[in-house]
Structures are given as structure tokens and as C-alpha cells.
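Chains as they are written, first to last, in this note's numbering: chain A, 1109 to 1378; chain B, 978 to 1234. Here is the structure we will look at, set down as C-alpha cells.
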Amino acid sequence: MAKIIVVTSGKGGVGKTTTSAAISSGLALRGHKTAVIDFDIGLRNLDIIMNCERRVVYDFVNVINNEATLKQALIKDKRVDNLFILPASQTRDKDALSSEGVERVLNELADDGFEYIICDSPAGIEHGAFMALYFADMAIVVANPEVSSVRDSDRILGILQSKSRRAEKGERVEECLLITRYNPERVAKGEMLGVTDVEEILATKLLAVIPESESVLKASNQGVPVIHDKESKAGQAYDDAVARLLGEERDHRFVEVEHKGLFQRLFGRK
Amino acid sequence: MSTVENSMLESQPPSSFRLKAGLFPLTLLEVQGLDRQSFERELQLKVAEAPAFFQQTPVILSFDADARGDMSLAELVELCRTQGLVPVVLRGGSEELQQQALQQGLALMPEGRSRAAKAEPEPSPAEDVPEPAAPAAEDEPSAPVPGGGGNRVITTPIRSGQQVYAAGGDLIVLSSVSAGAEVLADGNIHVYGPLRGRALAGVRGDTGARIFCQSLEAELISIAGDFQLSDDLRGKLWKQPVQICLSDQKLTVEPLA
């Protein structure tokens, strides 16, 4: 049985695509056959972050419209075995996603033996976002530690638990929270919401806290999902997230302000 | 009121009554066909499903533009009354229908979102009918459970943008009510988590309704139409366990011992 996981947030620019790329790569690195689908039709980004932009021939909408087979459209990742990307169309709009079409593609992936299907949701609460979350078994809700992002995440959690297929069947969608761009120093100064505040407002399980890190931007620009950067804190935090998704217990790191020693202060290295 | 007293009333507020705005959920009866026999049969069946719910329930009548049949408005009103429904308002409708409605003592209400409807003395029609929305899948969220008095228990967080209404009873929320969410009940509201959204108890005018919460962080609190906004609530009981009730027609916030 394939597990369908939607990465969603409501608000734009909080790190959904970065998270989708990192989590799907992480799952595949641990040997699970994983597909990651870009639902952001018209504003596709996932292929850039996964560095397969130039290999896109057919896309998700082509498959839905039966203009190409799923096999033709799936792009195999060059870094990790077991990882496949289904890119979005850049020339269509989100209405091109039909519920029947999306369901058929998801079923086909499941029949092909995929264990995890990651749905990278577009921002907003419109049709595209709705399609991305409708079939989900689990949701990773991405939020930045600021009030408007947290409010939007709350809204999307409400939609998830009332409008998704599982909700219609009277079941719950498993939900977890992933906080990105976290900066403990700014939290200490009172400029940012703390992890406990966000957790308390959203009343949901915390999957991971990804610290604010230059390596994330660098990774996006180079087209290497940040989880491959074992040196960076963000990469390590995503690795923890994947481990927890697979049932491992790991302590949350990078949540507290680090106290730099004298030596580090003198020769401060980031 | 007599005309003699008019001049006096202008200078001082009336002591025999108070005019207040109320927000009451009302049932809308959309008439799709005017065949007398099938209407009667179907109404009987519907009422039999939840007899308690249709005890003296005020309803708004609304007519589908292509409703066909030989039944007059008078007959329709009579049929409703025998089944326990009390038609109080006609919404929209042709001029002819409106004339008939006036003869039946119904108030008229414009089509669409009406602000001011001519009120029947009892019970007052709603200015705005809230649509109860279920947070989880439920077919008829407002249908009362026989014997349960229409109470609703919600075990999951009520999120921003969601609206939950307990018709004819209490609303019990075992989790949080987020900012931007709205909870309504004809009876009391209990929130066993932080109450950060809007809570409206006694929406059908029950002034004895109360709101209980573990942490008062609400955007708005209302009992039987009397309301306070968060700015007024941010006193020393903010974020404390409290109960809110109407005493002497004034909203009172008290700590929960």
C-alpha cells in the first residue's frame, strides 16, 4: 500500500517545495521507492530544485489527459535510486487537474509498487491545493514561525480534516507540523514565534524544526535537495524528519540558542 | 404604544421594553413543488424523522421559481402548522405571493442576504442565518439526536475558517477553537482547550446560556445577542479559565474556581 503524503501550508514561500524535495530524497535514500508530484501547475518549481528541469518532456497534466503514459512522464532522479519526479506543466493552469485524473495517477503509482507518494501542494486554498490534499493519508504542514503563516496552516488543517477523502469517509488524515526558517536567536529576542508557541496554536504533532540556513538557498539554486548536504544543519534536520516519519525516535535539534565558546567567538565560523 | 406618549418616548428610553439586535439561526423551507398531496406526505415523513426538532420551529418560506402545483400559500401554511412548523417569514416571491403572505400574517423578507426583515413579535426572524459546518464528515450536522437535546461533542481542534453549530443544545469542544473559527450553540458552549475564535451561545435568544472555557483568548463572545470583543475581554481574566454569563443583561466574566 502506497502512503500518500501531502506537503502543504496555505501560505506561499514557506518551504513546501524544499521540504518535498528533501523528504522524498530522504525516503528514497533509505531504500523506499518514492514518487514526488508537483501539483503547482503553471508555476512549477520542483523540477528546478531537483535539477531535472531540462529532462522534462511530458508532465502531470499530459498524463491526466492521456497524452502520455505515466512511465513516459516520470523522471528518474540522478542522485538517488528509487526516486521519481512527476513534474507539473508550466503552460496550463490548475483547473487542468481533475479529481478522477489525479486519482488514476495515484492508483497507477501505487500499482507500480511505489511506497511513498509525496504531493507538493501549491500555495493557497484553491483547486490546486485542494487536489493535492484530497487523497492524502498524511499531511506535513509547513509553517514559518510567524503569525500569518501559522494562521494559514491552521486553516489548511481545517480543510484537510473536513474536505479530504478520508474526512468524507469519517476518518482522520494523519497530520504533522514542520517548522522551517527557525532562528533560535531571534526567538530569544522575541522577534519570532517559538516552537512551543506554534505547536500550541496548531495543537498538532511536531515532525521537525528546520533551522534558518544559507545552505537551503544554496541547495535550491544548485538543484541539490538540501538533505544531501550532510554538513548543514538544515540537511541534518530534514534527515531527522525522515527518520521520525519512518517511526524512529529522535530528539529535536537546533531549537535552542547555541552558546558559542570563546574560541568559536574569536574565529567565528558559520 | 399610543400616540399620546410619543413625545415623551423621544426624550427618554422606554422602560417597558428594549430593542436589541439578535442573531438567530432559522430553518429555511425551500418549496420546490406545490402539489398538495405529495407535499403533505413528504413533510410528514421528514417530521417523523426528528419529531423533537420540529416542535414549534419557526421557518422561513422560500419558493423555487419553477415550483408548480395547485396549493395556495394559505394551505401550505396550514399544512406546516399541523406538522409543528411555524412559518414566520416569506423570503422573496412574486407580488401575488407576498400579498397572500401578508394576509396570513407572515413577515416579508427580501431575496438574498437581507439586513432588515419586518419582525413578527415572536419569534424573531434571523438577520443572517448561519450555516452550520461540520468539522468532520457528518451528513446533517444540525439534526438533533433524539433524546440528546441536540448536543454536539467535538473532539478535534476547530480550525480557522470552520464554523460549528449545535442546534437545539450545548456544544462541547474537547480541544481548541482557533482564531478565525466560530462556534455557535442554542444552549451553552464548553471549550476544554483555549478559546481563541468566536463563541456565540444562546443564539436563539436563551439568555440563560453560558460559555465555559479553559483559557479565554476569544475574538468575540456573545450570549443571546449581547457581545463583547477581545479588546473588552483583555482584563485580568485573559488566558484564564472562566465562565461567561448574562447577569442583569450584562455580559459577566467570572473565574472558574
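Glycine included, each C-beta is placed from N, C-alpha and C at the ideal position. Nothing here was measured: the structure is a model prediction, and the numbers come from that model.
Query: Where the segment 1265-1277 of chain A meets chain B: residues whose CB sits under 8 Å from a CB there; Result: LEU1265, GLY1266, ILE1267, GLN1269, SER1270, ALA1275, GLU1276 and LYS1277
Query: Nearest candidate by alpha-carbon position, reference A:ASN1170, set A:LYS1186, A:ALA1204 and A:ASN1190; Result: A:ALA1204
Query: CB of A:VAL1122 within 8 Å of CB of A:LEU1241, strictly; Result: no
Query: Boundaries (first-last residue) of the alpha helix (DSSP H) holding B:ASP1209; Result: 1207-1210
Query: B:ASP1163 beta carbon less than 8 Å from that of B:ALA1144; Result: yes
Query: Neighbourhood of A:GLY1343 by C-beta, 6 Å cutoff - its chain only, sequence neighbours within 5 removed; Result: VAL1334, ILE1335 and ASP1337
Query: Minimum length 3: unbroken beta strand (DSSP E) runs contained in the segment 1314-1357 of chain A; Result: 1314-1319
Query: Every unbroken beta strand (DSSP E) within the segment 1138-1195 of chain A, with a cutoff of 3 residues, ordered by chain; Result: 1142-1146 and 1191-1194
Query: Cross-strand partners of A:ASP1228 (DSSP beta bridge); Result: A:VAL1115 and A:ASP1146
Query: Proximity winner among B:LEU1161, B:CYS1190 and B:SER1137, relative to A:ILE1309 (alpha-carbon distances); Result: B:SER1137
Query: Distance between B:ALA1201 and B:THR1247 (C-alpha atoms, nearest Å); Result: What is shown of chain B runs 978 to 1234, which leaves residue 1247 of chain B out entirely.
Query: Contacts that B:PRO1247 makes with chain A (C-beta to C-beta distance below 9 Å); Result: Shown here, chain B extends from 978 to 1234; a query on residue 1247 of chain B therefore has no answer.
Query: Cβ-based neighbour list, A:GLY1064, same chain, cut-off 6 Å, excluding 5 preceding and 5 following; Result: Residue 1064 of chain A lies beyond the residue range present for chain A, which begins at 1109 and ends at 1378; the question has no answer from this structure.
Query: Interface flag, A:ASP1262 vs chain B, CB-CB below 8 Å; Result: yes
Query: Interface partners of A:ALA1176 on chain B, CB under 7 Å; Result: What A:ALA1176 touches in chain B: nothing, since even the nearest Cβ is about 35 Å away.
Query: Neighbourhood of A:GLU1293 by C-beta, 8 Å cutoff - its chain only, sequence neighbours within 5 removed; Result: VAL1365
Query: Under 8 Å between C-beta atoms of B:LEU1011 and B:VAL1036; Result: no
Query: Spatial distance of B:ASP1043 from B:GLU1007 (CA atoms); Result: 12 Å
Query: Neighbour-count burial assignment, A:MET1389, 16 or more Cβ in a 10 Å radius; Result: Residue 1389 of chain A lies beyond the stretch modelled for chain A, which goes from 1109 to 1378, so this question has no answer here.
Query: DSSP-derived helix/strand/coil call for B:SER1137; Result: coil
Query: Alpha-carbon to alpha-carbon, B:THR1004 and B:ASP1041; Result: 16 Å
Query: Straight-line Cα distance separating A:VAL1255 from B:PHE1189; Result: 26 Å
Query: Residues of the segment 1150-1166 of chain A with Cβ closer than 9 Å to any Cβ of chain B, in chain order; Result: none
Query: Partners in chain A for B:LEU1139, counting only beta-carbon separations shorter than 8 Å; Result: Here the sequence assigns Gln to residue 1139 of chain B, which means Leu is not the residue at that position. Those within 8 Å of B:GLN1139 in chain A are GLY1266 and SER1270.
Query: Neighbour-count burial assignment, B:ARG1058, 16 or more Cβ in a 10 Å radius; Result: exposed
Query: Element boundaries [alpha helix (DSSP H), containing A:ILE1264]; Result: 1255-1271
Query: Contacts that B:GLY1157 makes with chain A (C-beta to C-beta distance below 8 Å); Result: ARG1259, ASP1262 and ARG1263
Query: Buried/exposed call for A:VAL1165, threshold 16 Cβ in 10 Å; Result: exposed
Query: Exposure label - A:ASP1359; buried when at least 16 CB within 10 Å; Result: exposed
Query: For A:LYS1111, the nearest candidate out of A:ALA1311, A:ASP1220 and A:GLU1339 (CA to CA); Result: A:ASP1220
Query: Close beta carbons around B:GLU1052, own chain, < 8 Å, minus the five adjacent residues each side; Result: ARG1013
Query: Euclidean distance between Cα positions of B:GLU1055 and B:VAL1168; Result: 42 Å
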